[in-house]
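See structure below.
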Amino acid sequence: MSKAWVDESKEGHVAMKDFDVNGDGIVDNAEMLAGLKSIRAPTDRERLTNDILNTSVMSALVGGFALGSLSPPGDKNLDKYVYICAYVAVHACTCSALTSAFLYAAVNGMADAAVAGWAAKNWPLLALPMMKFVVGTMCYMTSVILTSYRDLGGAESLEKWQKLALFIGVMSVAMVWGAFFWIRRSMAAAPKTAPAGP
């Protein structure tokens with residue numbers, strides 16, 4: 001079980017003490033989860049349709065890039081890995097875009113009062129487009145890394161460029177995941193309400 005000590009020095013800010021529900025000076029997993037839920041904005045039609053539409057557009061864009069990179073694989077295993085990664089990216093991103101379109105139409109047709117309750121009951125369905133988009137994008141990025149590795153691997157004079165391209169690709173994927181976890185972690189320290197104006 002992970003625990004965080006309460007910092008009493010951060011007055012006026014959502015410090016760890018705000019998550020310490022039982023007052024024992026330690027924020028356990030259950031208190032952290034409850035605290036993270038409390039800083040989320042309430043679900044409404046505008047927020048929900050914005051999330052759905054953004055995911056749909058991004059998925060269509062990445063899926064199109066992946067489709068453009070599909071070509072019949074050669075005899076080498078690396079060619080087949082590139083093809084399969086691009087193929088999965090096309091399907092995952094297309095599924096994400098299509099599911100997003102269905103969700104957008106459903107949410108747009110609901111009464112305003114029904115949106116929050118429906119979203120709370122159907123959160124796995126609402127998470128599906130983003131999960132498919134992440135899988136598709138990671139497969140696309142992997143196919144790009146493998147393509148550059150294959151294309152730069154033919155001559156000895158290109159070996160240093162092959163290693164550089166591999167390093168850049170792996171670091172790009174690592175930076176994406178680093179940003180994701182940084183954003184998630186920073187949400188724990190976000191204020192629950194907007195600061196008072198001057």
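In this text, residue positions in the sequence shown follow the UniProt record's numbering: the first is 1, and each later residue adds one. No residue lacks a Cβ here, since even glycine has one placed at the ideal position from N, Cα and C. Note that this is a predicted model, so its numbers are computed, not measured.
Buried or exposed, going by whether 16 or more other CB atoms sit within 10 Å of the CB of F167?
exposed
With 16 other Cβ atoms within 10 Å as the buried cut-off, status of D112:
exposed
To the nearest angstrom, report how far apart S143 and D44 are at their CA atoms.
Computed Cα separation, rounded: 37 Å.
V27 burial status per 10 Å Cβ neighbour count (16 or more: buried):
buried
Pair every Cβ in the segment 101-117 with every Cβ in the segment 73-88, then say whether three or more of these pairs are closer than 8 Å.
no
Starting from L152, follow the alpha helix (DSSP H) in both directions and report where the run begins and ends.
DSSP places L152 outside any alpha helix (DSSP H), giving it a letter other than H or E.
Roughly how many angstroms separate the alpha carbons of F65 and P42, rounded to a whole number?
C-alpha separation (whole angstroms): 34 Å.
CB contact flag (Q162, G169, <7 Å)
Their beta carbons are not under 7 Å apart, which means Q162 does not touch G169 by this criterion.
So S59 and A86 are supposed to be a Cβ contact under 8 Å. How far apart are they, rounded?
The Cβ separation is near 15 Å, so there is no contact.
Pull up the distance between the alpha-carbon of A155 and that of S186, whole angstroms please.
45 Å
Classification of D51 by the beta-carbon crowding that lies within 10 angstroms, buried from 16 upward:
The residue is buried, with at least 16 neighbouring Cβ atoms inside 10 Å.
Between which two residues does the alpha helix (DSSP H) harbouring A89 extend?
N77 to N108
How far does the alpha helix (DSSP H) with E46 in it extend, from its first residue to its last?
R45 to S69
Excluding sequence positions up to five away, which residues of its chain have a Cβ less than 8 Å from the Cβ of F133?
T55, M58, S59, V62, A92, C93 and S96
Measure from the alpha carbon of T99 to the alpha carbon of each residue in S71, Y83, M130 and V90, then state which is nearest.
M130
Pull up the distance between the alpha-carbon of L158 and that of W177, whole angstroms please.
29 Å
Are there 16 or more other CB atoms within 10 angstroms of the CB of M175, so buried, or fewer, so exposed?
exposed
Going by DSSP, which residues form a beta bridge with V170?
In the DSSP output, where bridge partners are listed per residue, V170 has none listed.
Are L48 and V107 closer than 7 Å when you measure CB to CB?
yes
Contact belief for T147 with V82 at Cβ below 8 Å, rounded distance in angstroms
5 Å
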